[in-house]
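Engineer: One structure, as structure tokens, below. Some questions next.
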Amino acid sequence: MSSKEAKAALKEAREAVKNKKFSDAIKLCNKVLKEQSDNYMALLLLGASYQDSDKKEAATYLRRAVSCTTEPPIVALQGLVGCADDTELPDVCEKLLTLTPDKFADLHAKLFGVAARGTLGKALRLLEREATDAGCEETRRASAFEYLGKLVAQYSELEIAEPALVGTVLEREIRNDGDVYQHDKFNRYLKLLHREKRYDRLAAIAAAMHERFPNDIYPLEWICKLYSERIVPEETLSTVLTHSLEHYFDRALAIAPKSPTVLLARGKLLYEAGKLSEAERYLRRANEIQPLWSACMTLLAEIYFRQKAYGLAENLYRNMKVQSRNYAIALMQDESEEKLREANRCFATLYETDRSVELLFHWCKTSLLLGEHDAAEQRMGELEPTEIEPDQLDYLRALRTKMAGNVEQAIEILSRHPASSICLLELSLVLDGVEGRRDDSFLAALKATKLDPNNAACFYRLGKLYQQQGDALRARKCLEKSVHLSPAARNAVILLSGLYRRYNEWDANAALLSTTFSLCSGAAWAQLLLGLHHLGRQEYDEAIGAFRTVLRYEVNNPTAWEGLADAYLGRGSYSSAMKLFEKITERDPDNPYPLLQLANIKNTVKQHRDGLELFEQLLARHENYFPAIKGVADSHMGLCFYRLGQRLVGRSRDHAQACVEHLTRAIKMKPNFLCLWHQLGKVLDTVAAFPSTHSHLSIEGSLAGSVQHQRVLLKRNQLSELAARCYGRIVKQNPDNSVYWYELAANHFRRAMELTPANADPNGTNSGTSERVKMLHIAQDMAKQAIKLDPARWQNWNLLGVICATGEVNNLALAQHCFVEAVTVDRKTAAAAWNNLGVLYLGHGPLGLANKAFGRAQQCDTTFMNAWIGQAMIAERVGQMDEAMDLFRHCTQLGYHREAALGYAHWVCSIVNEDNYHENERYRFAIDAMAALPVAHDAIGWHCADLADRSSVVALRFLGNLSSRLGLWRTASDAYGRAAQAATNPATKDQILCDLGHCLTKQGRHAEAVQCYERMRGEPGFRAVIGRAQAYFRAAQYEQSYAEYELGLNHLAKTDAEKAYVLIAMSAMVYAFHGQDAARTVLFQCIALPQPPIEALFSACALGLLHKDAMLTDLVIKELRKHEDDPVQGHHVVFFVSEFYWQTQQPKQCYTYLLSQMHRYPHRPKLWQVLAMTLLKRFRTSANNLRLACNVAQGAVTLDLADRKRRTRAGDAARWLAVASEAIRPVDSRRCRILAQQAVHADPTNREAWGAFLQMTQ
């Protein structure tokens, strides 16, 4: 192709590119390149054609175009910019920046794009060169800086890789006040400068940032940091900063008053200015905000040391784990052996590098205080040639002389330096130990304080001396100054805390101890004092927290353990307190306090027996330990009341006796302890109210007022009189306590109530009654005195009301007023006052008011028995008998009370005396299900035992009635015998003798029963005649018995049933001494009655079976078969019929009959028992029958227990288990043994059960 054709083709190709006909252009250009491979225009057009479809191909042709021309390939390079990759593009842009400098903006953008996509190296260098080239115009440089700023913002890692470049960019960027990100760039630049350690520039930029953003704390904190950490010297800062340091620090405090950096800088500035107190205040705040900051702690420790607050300095040095000279000196100032030895070790370590006079002086003092005289002499030898102050050297010499015991010489040496604070302070200490020189000691301490007014030790010494002189005000001021100068000074804080506690300045004490602990982290002693403070204030939760904190620091602190246990005890956490005291006892068995407190807790939680054992252990170790003696008395007193509540009066009196003996022993040791006399009076009053059989105590003669006797036995009224003397002694020593006047008044009231004409005056004159009235008036005056002393105590009003309500005083209006005042004073707990008001209304007012008063008493105390008794009496008055019985039963469930016992026994006897009470479901539940008979019997038994000789006839009859129903015939006989002696009404006495005769007959005491019946003087009734007849019969006096039966049959029996039963009894008697025929005649006479009882048929059948009278038996059996369906007597009928079949040689019929009856009535346990006994006695030949007998006997027990309408006695269950064991014994020995054991366990008192058990063992 010729040159002309090539030009035409290229022209055509150019037109094709313009018209976007790239394929045509490519073809044309390729033709040209075939002829001219280095044709610049063809390569250029090919690059343009491939620009949109294949940039890689386009870049290839454009590179060839660049390389094949000798002229500047501006167009090719410009095309290459659009298709070159990121690795090549920076080089292309570099060439274009040289060829076309006016296109810098687009090229800078291209370079930024390359860098933004991750290819930083060449692009970043080009932009840096563009930005820093001084020959470039400002707009071009500004464009480069703009894109560099974007890259710096995008890539934070450039601060590490290109810190100089980033610094240059940020330096320019922060000058742009219109940049919205200027604040962030300032912050970034400051961090970069700090990382690059360009601290001078950092200070300048921080100052500039503060000028731009005056309310921002960040630049100010950098300035504070540079100053406080000594990064930039203060002189340099002054030249770099535009304002003074005070200006910046004041502005920083105004913006961020809680910034620890600012506070540290401010504190350091004040420290450098010598203002230690103000510096301490700022640094302490900084340390509170940012604990364990070494820069702050170091400066604060230095301030404390210079202020001679050695305790605080030591604490900070210890936390920083720094061993320095100051730390060793601070340790030494405590003067405790442990810290002195630690200081000695520190001095020895520091001596290798520091042989200053100060170190040698304090090391020598440490050695002297430790008693290491050789080491002290060595240090003193090193000090003498040095430039040590003479007063310091003489101080060491005086201390050495004092330690050697030469006090006078020490005083002489110290007196040489009247202008030395250290010598005067030591002189005061030395003079204090010399008799008669206390004033000189005080003057020396005063002079030392004036010479060194910033020394806490001087003020402590002066405060201690003031306290010894009794000047508490000056002592307090001096100690407060000492604590202010050295808050961690242990001795000063302890002494000042003691002063605060002595004068009840509790808030000041708490503030002192809290501040001390907060300043001295780990100062367990301060927290211990704080815990004791809270314990004394009864702030138990705070005390627990304080003692726990102490134990975290000092786990073996015994005082903290005891305080924690006491705090738990005070809070009422008895279990936790007991565990702690037990732990303390294990840690220190010889310490009596935890064992004492543990015993006291046992008494508090009513575990008196355990408490008594612990107190006795204490007494065994410490014979005359007064708290243990008092504790034993408390335990016995608690057991006394506990046994009294169980109505174990004898054991209660034994404990009371032991209590009195220990109280007597305690009183001998501390006769002025009022609590001992009070407790003794209460015990004596308690025993005086016991039954007459137990109301006596053995009292030491000196205590009872009988000097000639070593011991005196006092009873009832004598005990009350001695109790009154105890209360009188208390009132004499403490006449302003209303409680003691109340106790004395109550004692006189009880004594007056015990007085009757009979026991007050043996001659029966009216002097006994007048004595009672006199004592009541004395009690009334004492109660009024108690009210006068404390009118807000409801018990005082209540007692006066009770006294006024008595028949002798009979001032019901005043009594009502007193009860109303009592419930007005305390409406929530005055249950007794509400109850007494109810009793007053019950006796003299409307029942509605009484009911309301009793109701309020029940609301105050739901267990207050008197209120329930009052409600029961109201129920009786209004005719609600069932309700009355339920209320009395509830009273007996709450506990013992005389009236409740009498009322419940009355209602139980009233119900059970009705033969048909079982038909009433309510009564059956109230008597049978609620075990009314044994409960009522226990209650009335306690009632009669409580009153003893004063028991009423009614109560004794109730006791006899209930005892006889329970089969307790001896108890019943004793009760009826006492009732008969006390009864005055002849008719009543005859009834009692009748009941007594019945009980004696049941016991087999027939002769006594006959005598008892013969003592009856009134007209005998049917029951008495029959009882007497039975007694004669049992006593073998048949004629008299027959005569009594005839009397009852002919004259007293009113119904056919009564006559029938008399005839049955007569037949038994006639059979005993006249034989079969006479008995049969009487029985036929009984059977001939219109409706003979089934017992008559039983007697006739038994007579026929015994004498094999077939005709009589057959006749009676026919009648008995009619009663087979009777649920009560049916099993007796079955027994007689089966016996009839067996006697008539019909064993199979007997066996079949029993089985058929059991199948007819399988729910009747009595039928099962009859079958079991018959199989065991009549059909033993077959092993199957024995197994059957065993199973049937067990089935009878199961049915009996399942029958809820009747009560199964343990003896019945044991008996039939024994029968089952006996039945299976020949067949299965293992099962026999199991059943015998079950029988014994069911009722260990059952003879048949033990018989079966013995048979099994044999």
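Residue numbers for the sequence shown, in UniProt numbering: 1 to 1258.
Ideal Cβ positions, reconstructed from N, Cα and C, are used throughout, including at glycine.
Just so we're clear, the structure is a prediction, and the values are computed from it rather than from any experiment.
1. For residue 990, which residues in the same chain have their Cβ closer than 6 Å to its Cβ, ignoring the five residues on either side in sequence?
2. Here's a check: name, in chain order, each residue in its chain whose Cβ is nearer than 6 Å to the Cβ of residue 883, leaving out the five neighbours to either side.
3. When you compare each of 667, 1211, 644 to residue 694 by their alpha carbons, which one comes out closest?
4. Could you tell me the alpha carbon to alpha carbon distance between residue 672 and residue 517, rounded to whole angstroms?
5. Is the beta carbon of residue 495 less than 8 Å from the beta carbon of residue 479?
6. Between residue 445 and the rest of its own chain, which residues show a CB-CB distance below 8 Å, the 5 nearest in sequence each way excluded?
7. Grab the span of the alpha helix (DSSP H) containing residue 387 for me, first residue to last.
8. Using alpha carbons as the reference points, say which of 443, 325, 349, 1158 lies closest to residue 359.
9. Hey, out of 845, 139, 162, whose CA is closest to residue 1293's CA?
10. Three Cβ pairs or more, each shorter than 8 Å: is that satisfied between the region 804 to 811 and the region 826 to 833?
11. Excluding five sequence neighbours on each side, which residues of the same chain lie with their C-beta closer than 6 Å to the C-beta of residue 894?
12. Take residue 815 and list the residues in its own chain whose beta-carbon comes closer than 7 Å to its own, dropping the five residues that flank it on each side.
13. Look at the alpha carbon of residue 761 and the alpha carbon of residue 717, and state the distance between them as a whole number of angstroms.
14. Between which two residues does the beta strand (DSSP E) holding residue 714 run?
15. Can you tell me whether residue 941 is buried or exposed, with buried defined as 16 or more other CB within 10 angstroms of its CB?
16. Measure the C-alpha to C-alpha separation of residue 759 and residue 1021 and round it to an integer number of angstroms.
17. How is the beta strand (DSSP E) around residue 697 delimited, first residue to last?
18. Of all the options 249, 514, 452, which has the alpha carbon lying nearest to the alpha carbon of residue 422?
19. In chain order, which continuous runs of the alpha helix (DSSP H) of length 4 or greater are located wholly inside the region 625 to 660?
20. Is DSSP giving residue 1163 helix, strand or coil here?
21. What does a CB cutoff of less than 6 Å around residue 329 pick up in its chain, not counting 5 residues either side in sequence?
22. Run through DSSP, which three-state label would residue 29 get?
23. Buried or exposed: where does residue 442 fall if 16 or more other Cβ atoms within 10 Å of its Cβ makes it buried?
24. My parser needs the alpha helix (DSSP H) runs of 4 or more residues fully inside the region 390 to 445; what are they?
25. For residue 179, which of 160, 197, 212 has the nearest alpha-carbon?
26. Under the three-state reduction of DSSP, which class applies to residue 762: helix, strand or coil?
27. Let's see if you can read the secondary structure: which residues bound the alpha helix (DSSP H) around residue 320?
28. In this structure, how does DSSP classify residue 523 when only helix, strand and coil are distinguished?
29. Does DSSP classify residue 197 as helix, strand or coil?
30. Could you tell me which of 775, 1123, 290 sits nearest to residue 744, measuring between CA atoms?
31. Which class does residue 1155 belong to by DSSP, given the choice of helix, strand or coil?
32. Could you tell me the distance, in whole angstroms, from the CA atom of residue 316 to the CA atom of residue 543?
33. Count the other CB atoms within 10 Å of the CB of residue 1008; is the residue buried (16 or more) or exposed (fewer)?
34. Would you kindly report the start and end of the unbroken alpha helix (DSSP H) that includes residue 813?
35. Once you ignore the five residues that flank residue 1242 on each side, which residues in its own chain have a CB closer than 8 Å to its CB?
36. Using the Cα positions of residue 1172 and residue 1025, report the straight-line distance between them to the nearest angstrom.
Structural biologist: The structure says:
1. Taking the first residue of the sequence shown as 1, we reach residue 990 at position 990. Excluding residues within five positions, the ones whose Cβ falls inside 6 Å are 1016, 1018.
2. Here the question's residue 883 lines up with position 883 in the sequence shown. Taken in chain order, the residues that qualify are 875.
3. Position 694 of the sequence shown, counted from the first residue, corresponds to residue 694. Closest option to residue 694, Cα to Cα, is 644.
4. Taking the sequence shown and counting its residues from 1, the one referred to as residue 672 is at position 672. Taking the sequence shown and counting its residues from 1, the one referred to as residue 517 is at position 517. Cα to Cα, the separation comes out at about 41 Å.
5. In the sequence shown, residue 495 corresponds to position 495, counting from 1. In the sequence shown, residue 479 corresponds to position 479, counting from 1. Cβ atoms of residue 495 and residue 479: closer than 8 Å.
6. In the sequence shown, the residue the question calls residue 445 occupies position 445. Only 424, 425, 428, 458, 461, 462, 465 meet the Cβ criterion.
7. Taking the sequence shown and counting its residues from 1, one reaches residue 387 at position 387. Unbroken run through residue 387: none, as it is neither H nor E.
8. On the sequence shown, position 359 is the one that residue 359 refers to. Among 443, 325, 349, 1158, the Cα nearest to that of residue 359 is on 325.
9. Nothing can be reported for residue 1293, as the shown portion of the chain is limited to 1 through 1258.
10. no
11. Within the sequence shown, residue 894 is the residue found at index 894, counting from 1. Contacts found: 863, 865.
12. The residue given as residue 815 occupies position 815 in the sequence shown. Excluding positions up to five away in sequence, the list reads 801, 804, 805, 840.
13. Reading the sequence shown from its first residue, position 761 is the one you call residue 761. Reading the sequence shown from its first residue, position 717 is the one you call residue 717. Here residue 761 scores only 49 on pLDDT, less than 50, and its place in the model should not be relied on; the value that follows carries that caveat. So the alpha carbons of these two residues sit roughly 13 Å apart.
14. For the purposes of this step, residue 714 is identified with residue 714 of the sequence shown, where counting begins at 1. First-last of the beta strand (DSSP E) with residue 714: 711 to 715.
15. The residue you call residue 941 lines up with position 941 of the sequence shown. Answer is buried; the Cβ neighbour count reaches 16.
16. In the sequence shown, residue 759 corresponds to position 759, counting from 1. In the sequence shown, residue 1021 corresponds to position 1021, counting from 1. The predicted model places residue 759 with a pLDDT of 49, which falls under 50 and marks its position as unreliable, so this point remains unresolved.
17. Against the sequence shown, residue 697 aligns to sequence position 697. Taken as a continuous stretch (DSSP letters only), the beta strand (DSSP E) holding residue 697 covers 696 to 700.
18. Your numbering for residue 422 matches position 422 in the sequence shown. Measuring from the Cα of residue 422, the nearest candidate turns out to be 452.
19. 626 to 645
20. Taking the first residue of the sequence shown as position 1, residue 1163 is located at position 1163. Coil at residue 1163, not helix or strand.
21. Position 329 of the sequence shown, counted from the first residue, corresponds to residue 329. So the qualifying residues of the chain are 362.
22. In the sequence shown, counting from the first residue as 1, residue 29 sits at position 29. Helix at residue 29.
23. Here residue 442 corresponds to residue number 442 of the sequence shown, with the count starting at 1. Counting Cβ neighbours within 10 Å, residue 442 comes out buried, since at least 16 surround it.
24. 390 to 403, 407 to 414, 421 to 432
25. By 1-based counting over the sequence shown, the position of residue 179 is 179. Considering only alpha carbons, the answer is 212.
26. By 1-based counting over the sequence shown, the position of residue 762 is 762. For residue 762, the pLDDT reaches just 46, beneath the cut-off of 50, and the residue's location in the model is therefore unreliable, leaving the point undetermined.
27. Taking the first residue of the sequence shown as 1, we reach residue 320 at position 320. From DSSP, the alpha helix (DSSP H) with residue 320 extends over 310 to 320.
28. The sequence position of residue 523 within the sequence shown is 523, counting from 1. Three-state result, residue 523: coil.
29. Counting from 1 along the sequence shown, the entry for residue 197 is found at position 197. If DSSP states are grouped into helix, strand and coil, residue 197 belongs with coil.
30. Counting from 1 along the sequence shown, the entry for residue 744 is found at position 744. Comparing Cα-Cα distances from residue 744 to each of 775, 1123, 290, the minimum goes to 775.
31. On the sequence shown, position 1155 is the one that residue 1155 refers to. Three-state DSSP puts residue 1155 in a helix.
32. Numbered from 1 along the sequence shown, position 316 holds the residue referred to as residue 316. Numbered from 1 along the sequence shown, position 543 holds the residue referred to as residue 543. Taking the straight line joining both Cα atoms gives about 27 Å.
33. To locate residue 1008, count along the sequence shown from 1; it is residue 1008. The residue is buried, with at least 16 neighbouring Cβ atoms inside 10 Å.
34. Your numbering for residue 813 matches position 813 in the sequence shown. Per DSSP, residue 813 belongs to the alpha helix (DSSP H) from 812 to 825.
35. The residue given as residue 1242 occupies position 1242 in the sequence shown. Taken in chain order, the residues that qualify are 1210, 1213, 1214, 1217, 1249.
36. Here the question's residue 1172 lines up with position 1172 in the sequence shown. Here the question's residue 1025 lines up with position 1025 in the sequence shown. Rounded to whole angstroms, residue 1172 to residue 1025 spans 40 Å at the Cα level.
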